[in-house]
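Below is one structure, written out as structure tokens, with a few remarks after it.
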Amino acid sequence: VGESERGIREVFKKAKQASPTILFFDEIDSLVPKRSEGGTDAHVTERVISQFLAEMDGIEELKGVVVLAATNRLDLVDPALLRSGRFDLLFELPIPDGETRLSIFKIHTKNKPLHKDVDLRTLARRTDGLVGSDIQWLCQRASMSAIRRFIKGKKEVVNARPKELVITCDDFEAALKSIQSGRP
Numbered sequence: 014v015g016e017s018e019r020g021i022r023e024v025f026k027k028a029k030q031a032s033p034t035i036l037f038f039d040e041i042d043s044l045v046p047k048r049s050e051g052g053t054d055a056h057v058t059e060r061v062i063s064q065f066l067a068e069m070d071g072i073e074e075l076k077g078v079v080v081l082a083a084t085n086r087l088d089l090v091d092p093a094l095l096r097s098g099r100f101d102l103l104f105e106l107p108i109p110d111g112e113t114r115l116s117i118f119k120i121h122t123k124n125k126p127l128h129k130d131v132d133l134r135t136l137a138r139r140t141d142g143l144v145g146s147d148i149q150w151l152c153q154r155a156s157m158s159a160i161r162r163f164i165k166g167k168k169e170v171v172n173a174r175p176k177e178l179v180i181t182c183d184d185f186e187a188a189l190k191s192i193q194s195g196r197p
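To convert a position in the sequence shown, counted from 1, into this note's numbering, add 13.
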């Protein structure tokens with residue numbers, strides 16, 4: 014009891030001592046989630062949130078300390094943290110549109126051996142609702158599928174020339190099915 018609050022105090026204390034400093038809290042929703050009624054750790058959560066807010070608003074100014082936070086679930090962050098004066102700017106990245114998804118596919122397939130049957134524009138259309146990290150994962154998954162197929166082919170071919178390593182439409186199809194079914 015009290016260790017989390019102490020940890021928050023220490024982070025802000027060290028940031029002030031080492032200023033100028035940027036404090037970055039990734040997944041801020043896990044540190045300061047919405048307060049709810051009941052729950053087994055409700056009091057601990059309340060104290061952690063209170064300590065975080067006290068450090069942000071505290072008597073001692075955060076001179077030379079910039080606090081940044083990121084979340085992909087803003088709806089889970091305690092509303093007190095989002096009030097004006099705490100974070101000067103809330104910046105939301107929307108889900109990418111088709112052209113943006115196409116650009117993301119191009120970035121993650123650059124210098125990769127794509128088979129001529131792979132149409133990135135079609136993939137961009139079929140991935141409506143997915144974000145950059147999902148598309149990156151799809152490209153990695155398709156690449157791994159191609160590598161596995163290539164290695165398996167090399168083992169089966171003894172004296173013949175092994176097939177070239179290429180990422181096919183089937184590799185992307187398997188990755189799409191995997192992400193659509195919720196299995197990583």
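Positions of the beta carbon are idealized from the N, C-alpha and C atoms, including for glycine.
Keep in mind the model is a prediction, meaning the values are calculated, not measured.
Residue j beta carbon less than 8 Å from that of residue i
i: leucine 36; j: valine 90; result: no
i: alanine 155; j: aspartate 130; result: no
i: glycine 98; j: serine 32; result: no
i: leucine 94; j: leucine 66; result: yes
i: glutamate 68; j: phenylalanine 38; result: no
i: cysteine 152; j: phenylalanine 104; result: no
i: isoleucine 160; j: leucine 189; result: no
Rounded C-alpha distance that separates residue i from residue j
i: glutamate 18; j: serine 63; result: 9 Å
i: threonine 135; j: serine 158; result: 20 Å
i: aspartate 101; j: alanine 187; result: 43 Å
i: alanine 137; j: isoleucine 148; result: 9 Å
i: isoleucine 192; j: threonine 140; result: 10 Å
i: isoleucine 108; j: aspartate 132; result: 21 Å
i: glycine 71; j: serine 49; result: 24 Å
i: phenylalanine 163; j: serine 146; result: 26 Å
i: alanine 28; j: alanine 82; result: 15 Å
i: isoleucine 21; j: glutamate 40; result: 15 Å
i: leucine 127; j: histidine 121; result: 11 Å
Residue i versus the options, residue with shortest Cα-Cα distance
i: valine 144; options: Ala159, Arg48, Arg96, Leu106; result: Leu106
i: threonine 84; options: Val24, Leu178, Glu177, Ser43; result: Ser43
i: glycine 15; options: His56, Pro46, Arg86, Arg96; result: His56
i: tryptophan 150; options: Arg114, Val61, Gly166; result: Arg114
i: valine 45; options: Lys190, Leu87, Asp110, Lys29; result: Leu87
Contact set for residue i: own chain, Cβ-Cβ below 7 Å, skip 5 residues either direction
i: alanine 125; result: Strictly speaking, residue 125 in this sequence is lysine, with alanine absent from that position. So the qualifying residues of the chain are Ser156, Ile180.
Chain D within 8 Å of residue i, Cβ atoms only
i: glutamate 73; result: Among the chains of the structure shown, chain D does not appear; only one protein chain is present.
Residue i - partner residues in DSSP beta bridges
i: isoleucine 180; result: Leu127
i: proline 46; result: Val90
beta-carbon residue i near the ligand NAD non-hydrogen atom, thresh 7 Å
i: glycine 20; result: The ligand content of the structure shown is nil, which means the ligand NAD is not present either.
Chain-order list of residues whose beta-carbon lies under 8 Å from that of residue i (same chain, five-residue window excluded)
i: glycine 142; result: Ile108
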